[in-house]
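Note sheet for the following structure.
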Amino acid sequence: MKKYLIPAISAAGILALSGVQADAREYKIGFIGPMSGGAAQLGQQMERGAKLYMKLHKGELGSHTVKMIVRDSKRPGGPIAKAAAQELITRENVELITGLIFSPNAMSVAPLINKSKTPVVIMNAGTAFIPNMSPHMVRVSFTMWQAGYIMGQHAANKMGCKTAVSGYSNYPPGKDSIAAFRKGFVASGGKVIDEIPMGGPAKVPDMTPFFQRAKSKNADCMYVFVPAGNHAAAVAKTYQALAMRKAGTKLVGPGDITQDTQLQGMGSAADGVVTAHHYNMFLKSAENQAFVKAWQAEYGANSVPDFVGVGGYDGMAAVYAAIKGANGGKLTAAGAMKVLRGWKYNSPRGPISIDAETGDIVQNVYISVVRQKGGKLVQEIQQKFEAVKDKCKELKLGKCGKKLY
Numbered sequence: 009m010k011k012y013l014i015p016a017i018s019a020a021g022i023l024a025l026s027g028v029q030a031d032a033r034e035y036k037i038g039f040i041g042p043m044s045g046g047a048a049q050l051g052q053q054m055e056r057g058a059k060l061y062m063k064l065h066k067g068e069l070g071s072h073t074v075k076m077i078v079r080d081s082k083r084p085g086g087p088i089a090k091a092a093a094q095e096l097i098t099r100e101n102v103e104l105i106t107g108l109i110f111s112p113n114a115m116s117v118a119p120l121i122n123k124s125k126t127p128v129v130i131m132n133a134g135t136a137f138i139p140n141m142s143p144h145m146v147r148v149s150f151t152m153w154q155a156g157y158i159m160g161q162h163a164a165n166k167m168g169c170k171t172a173v174s175g176y177s178n179y180p181p182g183k184d185s186i187a188a189f190r191k192g193f194v195a196s197g198g199k200v201i202d203e204i205p206m207g208g209p210a211k212v213p214d215m216t217p218f219f220q221r222a223k224s225k226n227a228d229c230m231y232v233f234v235p236a237g238n239h240a241a242a243v244a245k246t247y248q249a250l251a252m253r254k255a256g257t258k259l260v261g262p263g264d265i266t267q268d269t270q271l272q273g274m275g276s277a278a279d280g281v282v283t284a285h286h287y288n289m290f291l292k293s294a295e296n297q298a299f300v301k302a303w304q305a306e307y308g309a310n311s312v313p314d315f316v317g318v319g320g321y322d323g324m325a326a327v328y329a330a331i332k333g334a335n336g337g338k339l340t341a342a343g344a345m346k347v348l349r350g351w352k353y354n355s356p357r358g359p360i361s362i363d364a365e366t367g368d369i370v371q372n373v374y375i376s377v378v379r380q381k382g383g384k385l386v387q388e389i390q391q392k393f394e395a396v397k398d399k400c401k402e403l404k405l406g407k408c409g410k411k412l413y
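Right, here's the structure in full:
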């Protein structure tokens, strides 16, 4: 009788033969954003961007997987976001936190992640000094100073504006934005003759009295920052209702006021508005055209990505880069920062990188003008500024010039 010897194969060998890595791991990522209330459209944009990246790159991590645990920050104030971060860290044991639409939300999370040493990738919140609040934090979105400073220069140098008024939502990003515009505008020979607080970010105020005050100044330009979303539509419509263009005042601002998801609803009110921003869906790069095509294939032909969606998409690209750097091990703050500080990526918005020293985004900024074409509003690129860093940190102004932890 013949005996057949079957060689012993270890469990690891069986897994190897089956094509499955023995060290397959699930990485739990916490995502904090406004998923209900007036800002829910922003949270949805950011989540859609993140999930689209995950779908298009699902094989990128080999056998490892990512579980994104979503928590609702509801509104701009910090306490709910802080509680969500605490729960994600202590109960869900997430290894990284991302999302964070509003600056107060990101600020509230910083002390927690400093204590827990949890890495954070900011997908949106734009107040300039935020990355200075933690060595475990990087930002892939923008800073208010990138667009604001360049818009100030452009208004003075290219648009013939000698005088300007500014209107802003009265919270940290708004104060940052008008300070950036003022710095760029004055440095280019302009004079800001009034700065008008226009309520808070939580609820859209009646813009009429603020714009009436601005109109009474007879300035050449009005620079406006409000949060993206419902505020943006109110800006263009109030500007038109008060016939400010006819009176000789040009409307300028960051791209928040011409957000792609809001643009068509603004109608003729937005025609001619000039903005500085890091993204709009009309960019003609191959990366952006592929991104918009993939977005509409996933979310519908009438669905529109905007800069918040791109922040979610690029933010998840950064998360995946950090996970790759962990090589199947635990995702630590030290390991994530080693990968992400200095990280480079070809984004739909153009080439981006994270400054190794500051942890902040470096990217192109585009001057765009809104035009009506073929029955629709489009944003035409007029000028591109490449590899723009945060001017506030370059100048070391206030909190931008020091560590805050």
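Residue numbers (this note's numbering): 9 to 413. In this text, a Cβ means the ideal position worked out from N, Cα and C, and glycines have one as well. If you're wondering where the values come from, they're calculated on a predicted model, not measured in any experiment.
Exercise. Assuming ASP202 contacts ALA236 under a Cβ cut-off of 8 angstroms, what Cβ separation, rounded to an integer in Å, is found between them?
Worked result: For the purposes of this step, residue 202 is taken as the residue at position 194 of the sequence shown. For the purposes of this step, residue 236 is taken as the residue at position 228 of the sequence shown. 24 angstroms between Cβ atoms; not a contact.
For this session: May I have the straight-line CA-CA distance separating LYS98 from THR366, to the nearest angstrom?
Result: In the sequence shown, counting from the first residue as 1, residue 98 sits at position 90. In the sequence shown, counting from the first residue as 1, residue 366 sits at position 358. In the sequence as displayed, the identity of residue 98 is Thr instead of Lys. Cα to Cα, the separation comes out at about 28 angstroms.
Exercise. At which residues does the alpha helix (DSSP H) containing THR84 begin and terminate?
Worked result: Numbered from its first residue, the sequence shown carries residue 84 at position 76. Reading the sequence as shown, one finds Pro at residue 84 and not Thr. Here PRO84 belongs to no alpha helix (DSSP H), and DSSP marks it neither H nor E.
For this session: Look at the alpha carbon of ILE362 and the alpha carbon of MET230, and state the distance between them as a whole number of angstroms.
Result: Position 354 of the sequence shown, counted from the first residue, corresponds to residue 362. Position 222 of the sequence shown, counted from the first residue, corresponds to residue 230. For ILE362 and MET230, the distance between alpha carbons rounds to 32 angstroms.
Exercise. Which runs of the beta strand (DSSP E), 3 residues or longer, sit entirely within the segment 236 to 263?
Worked result: 258 to 262
Exercise. When the Cβ atoms of the segment 116 to 123 are set against those of the segment 351 to 362, are three or more pairs found closer than 8 angstroms?
Worked result: no
Problem set entry | Straight-line gap, VAL234 to THR266 (C-alpha atoms, nearest Å) | The count along the sequence shown starts at 1 and reaches residue 234 at position 226. The count along the sequence shown starts at 1 and reaches residue 266 at position 258. Cα to Cα, VAL234 sits roughly 11 angstroms from THR266.
Problem set entry | As assigned by DSSP and simplified to three states, the class of LEU104 | Against the sequence shown, residue 104 aligns to sequence position 96. Of the three classes helix, strand and coil, the one that applies to LEU104 here is strand, per DSSP.
Exercise. For LEU348, does the count of other Cβ atoms within 10 angstroms reach 16, so buried, or fall short, so exposed?
Worked result: Here residue 348 refers to the residue found at position 340 when the sequence shown is read from its first residue. Result: buried.
Problem set entry | Test item: CB-CB of LYS399 and ALA172 under 8 angstroms | Indexing the sequence shown from 1 puts residue 399 at position 391. Indexing the sequence shown from 1 puts residue 172 at position 164. Not in contact: LYS399 and ALA172 (Cβ atoms no closer than 8 angstroms).
Problem set entry | C-alpha gap between LYS211 and GLY45, whole angstroms | As a first step, residue 211 is located in the sequence shown; it is residue number 203 there, counting from the start. As a first step, residue 45 is located in the sequence shown; it is residue number 37 there, counting from the start. So the alpha carbons of these two residues sit roughly 10 angstroms apart.
For this session: Taking only the alpha-carbon atoms, compute the straight-line gap between GLY350 and ALA255 and give it to the nearest angstrom.
Result: On the sequence shown, position 342 is the one that residue 350 refers to. On the sequence shown, position 247 is the one that residue 255 refers to. Computed Cα separation, rounded: 47 angstroms.
Problem set entry | Among PHE193, GLU100, GLU95, ALA114, the one whose alpha carbon lies nearest that of ARG83 | Within the sequence shown, the letter at position 75 stands for residue 83. ARG83 has its Cα closest to that of ALA114, out of PHE193, GLU100, GLU95, ALA114.
Exercise. If you compare alpha carbons, which of GLY198, SER177, GLY261, ARG190 is closest to PRO209?
Worked result: What you label residue 209 is simply residue 201 of the sequence shown in a count that begins at 1. Looking at the Cα atoms, SER177 is the closest of the given residues.
Problem set entry | Cut-off 6 angstroms between Cβ atoms - residues of its own chain near SER116, not counting five sequence neighbours on either side | Locating residue 116 in the sequence shown gives position 108, counting from the first residue. Cβ neighbours of SER116 beyond the five flanking positions: GLY86, ALA89, LYS90.
Problem set entry | Continuous alpha helix (DSSP H) stretch holding ILE186: start and end | As a position in the sequence shown, residue 186 is number 178, starting the count at 1. Segment 180 to 195, the alpha helix (DSSP H) holding ILE186.
Problem set entry | Three-state secondary structure assigned by DSSP to GLY409 | Counted from its first residue, the sequence shown places residue 409 at position 401. Note: GLY409 maps to helix in three-state DSSP.
For this session: Report the rounded CA-to-CA distance for LYS36 versus LYS199, giving the unit in angstroms.
Result: Counted from its first residue, the sequence shown places residue 36 at position 28. Counted from its first residue, the sequence shown places residue 199 at position 191. Near 50 angstroms, if we compare the C-alpha coordinates of LYS199 and LYS36.
Exercise. In terms of DSSP beta bridges, what is LEU385 paired with?
Worked result: Stepping through the sequence shown from its first residue, residue 385 is reached at position 377. For LEU385, which the question treats as bridged, DSSP gives the partners GLN380.
Exercise. According to DSSP, what are the bridge partners of TYR176?
Worked result: Counting from 1 along the sequence shown, the entry for residue 176 is found at position 168. Answer is PRO205, PHE233.
For this session: Leaving aside the five residues before and after ARG190 along the sequence, list all residues of the same chain whose C-beta is less than 8 angstroms from its C-beta, in chain order.
Result: For the purposes of this step, residue 190 is taken as residue 182 along the sequence shown, with counting starting at 1. Counting only Cβ-Cβ distances below 8 angstroms, and skipping sequence neighbours, we find GLY160, SER174, VAL200, GLU203.
For this session: Determine contact between the segment 129 to 139 and the segment 239 to 254, defined as no fewer than three beta-carbon pairs at a distance below 8 angstroms.
Result: no
Exercise. In three-state terms, what does DSSP make of PRO112?
Worked result: As a first step, residue 112 must be located in the sequence shown, where it is residue number 104. Residue state, collapsed to three classes: helix.
Exercise. By Cβ distance, which residues of its chain are closer than 6 angstroms to GLY406, with the 5 residues on each side in sequence left out?
Worked result: Numbered from its first residue, the sequence shown carries residue 406 at position 398. Cβ within range, chain order: n/a, list empty.
Exercise. Does the beta-carbon distance from ASN140 to LYS410 come in below 8 angstroms?
Worked result: Working through the sequence shown from its first residue, we reach residue 140 at position 132. Working through the sequence shown from its first residue, we reach residue 410 at position 402. In contact: ASN140 and LYS410 (Cβ atoms closer than 8 angstroms).
Exercise. How far does the beta strand (DSSP E) with VAL281 in it reach, from first residue to last?
Worked result: For this step, residue 281 is matched to residue 273 along the sequence shown. That residue, VAL281, is in no beta strand (DSSP E); it is neither H nor E in DSSP.
Problem set entry | Delimiting residues of the beta strand (DSSP E) encompassing MET145 | What you label residue 145 is simply residue 137 of the sequence shown in a count that begins at 1. MET145 -> beta strand (DSSP E) spans 145 to 147.
Exercise. Any idea what DSSP makes of PRO127, helix, strand or coil?
Worked result: As a working note, residue 127 is residue 119 in the sequence shown. PRO127 falls in the coil class under three-state DSSP.
For this session: Can you give me the Cβ contacts of ASP314 inside the same chain, cut-off strictly under 7 angstroms, excluding the 5 residues immediately before and after it?
Result: For this step, residue 314 is matched to residue 306 along the sequence shown. These residues qualify, in order along the chain: GLN53, GLN267, ASP268, THR269, MET289.
Exercise. Are there three or more Cβ pairs, one per stretch, closer than 8 angstroms when the segment 384 to 404 is compared with the segment 304 to 322?
Worked result: no
Exercise. Leaving out five residues before and five after GLY333 in sequence, what residues of the same chain have Cβ atoms less than 8 angstroms from its Cβ?
Worked result: As a first step, residue 333 is located in the sequence shown; it is residue number 325 there, counting from the start. Around GLY333: GLY343, ALA344, LYS346, VAL347.
Exercise. Buried or exposed: which applies to VAL396, given that a residue is buried once 16 or more other Cβ atoms fall within 10 Å of its Cβ?
Worked result: Here residue 396 refers to the residue found at position 388 of the sequence shown. Label assigned to VAL396: buried.
Exercise. Under a Cβ-count criterion, where at least 16 other Cβ atoms within 10 Å of its own Cβ denotes burial, should THR283 be classed as buried or exposed?
Worked result: For this step, residue 283 is matched to residue 275 along the sequence shown. By the neighbour-count rule (16 or more Cβ atoms within 10 Å), THR283 is buried.
Exercise. Among LYS258, HIS72, ALA251, ALA277, which has the Cα closest to the Cα of ASP228?
Worked result: In the sequence shown, counting from the first residue as 1, residue 228 sits at position 220. With distances taken between Cα atoms, ASP228 lies closest to LYS258.
For this session: For the beta strand (DSSP E) holding ASN354, just list the boundary residues, first then last.
Result: On the sequence shown, residue 354 is found 346 positions in, with the first residue counted as 1. Start and end: 352 to 355.
Problem set entry | ASP214 versus ALA244: straight-line alpha-carbon distance, rounded | Within the sequence shown, numbered from 1, the residue matching residue 214 stands at position 206. Within the sequence shown, numbered from 1, the residue matching residue 244 stands at position 236. If I take the Cα positions, the gap works out to 13 angstroms.
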